[in-house]
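Engineer: If you're matching positions, the sequence shown starts at 38 in our numbering and goes up one per residue.
Idealized CB from N, CA, C, for every residue including glycine.
Mind looking over this structure? Questions follow.
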Amino acid sequence: MHHMVTVGIIEDDYLLRLTYEEALRQFGAEIAFSFSSIEEMKEKEKTIEAPFLILLDIGLPGISGLDGIYLLSKMFPDAHLLVISGNTDEKAIWSAITRGAKGYLIKPIKLESLKQQIDIIIDGGALIAPEVATLLLKKVQLEKIELNKKYADLTPRESEVLNYLMKGFTYKEVAVKMDISVSTVNDFIKKVYKKMDVHSKSELLSLYL
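Shown next as structure tokens:
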């Protein structure tokens, strides 16, 4: 492990948390904080040094680890969040990664491999357990199939409006390009939003990309 990496731990299993602490110190890391819940960490927020890495469990009492990812990202924007959880639910894993987790490992994790895995993150890589990678790939493939179905439901004019929007055209510019009124453009966009199951242009852009 690189010289003196600071690590924060949020894990409600007391013995497991102590095990992490001991192993990390043996690896040459410094423990920035170690708490059993997000709430406990928030109480001490002002006294905490921002860590390089945060080990986070999902099944926490109170604020869940998934909701905690967002909070931790705001509190420590430069920290790398690594989820270590026994939760293999596809939705939970997908949610953790899309919310900003740098990696997702499945418990039980072998301590002797923890150092090597953390080094991957230190060197700029993402850390995804093989079984998690398989789930994510399957999820992405299903999302693409579902997205293609939504695109297929659009009429040619709706598709035309969508393409102009994604190129950055304003409603007025789209109206001029398509020789229709701004009101009609707005009607088309409402239909596109409904068929694509989004509520804003930013959501549509995210889906499109």
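1) Taking only three categories from DSSP, how would you classify Ser220?
2) In the DSSP assignment, find the alpha helix (DSSP H) that holds Ser110 and state where it starts and stops.
3) Using DSSP with H/G/I as helix, E/B as strand and the rest coil, what is Ser132?
4) Tell me His117's beta-bridge partners as DSSP assigns them.
5) Can you check whether the CB of Ala133 is closer than 8 Å to the CB of Ile95?
6) Using three-state DSSP, classify Val42 as helix, strand or coil.
7) Just to confirm the assignment, what range does the beta strand (DSSP E) spanning Ala138 have?
8) Taking the DSSP output, what are the residues bridged to Leu142?
9) Do you know how far the Cα of Lys79 is from the Cα of Ser259?
10) When you compare each of Thr125, Lys81, Ser122 and Lys152 to Met41 by their alpha carbons, which one comes out closest?
11) Which residues bound the alpha helix (DSSP H) around Phe206?
12) Determine the DSSP secondary structure at Ala69, reduced to helix, strand or coil.
13) Just checking my contact of Ile91 with Leu118 at CB under 8 Å: how many whole Å lie between their CB atoms?
14) To the nearest angstrom, how far is the alpha carbon of Pro98 from that of Ile121?
Structural biologist: On the basis of the data shown:
1) helix
2) Gly102 to Met112
3) helix
4) Leu90
5) yes
6) coil
7) Premise fails: Ala138 is in no beta strand (DSSP E) and is neither H nor E.
8) Ile121
9) Lying before the first or after the last residue shown, residue 259 is absent from the chain, which here runs from 38 to 246.
10) Lys152
11) Counting along the chain, Phe206 falls outside any alpha helix (DSSP H), and DSSP gives it neither H nor E.
12) strand
13) 5 Å
14) 15 Å
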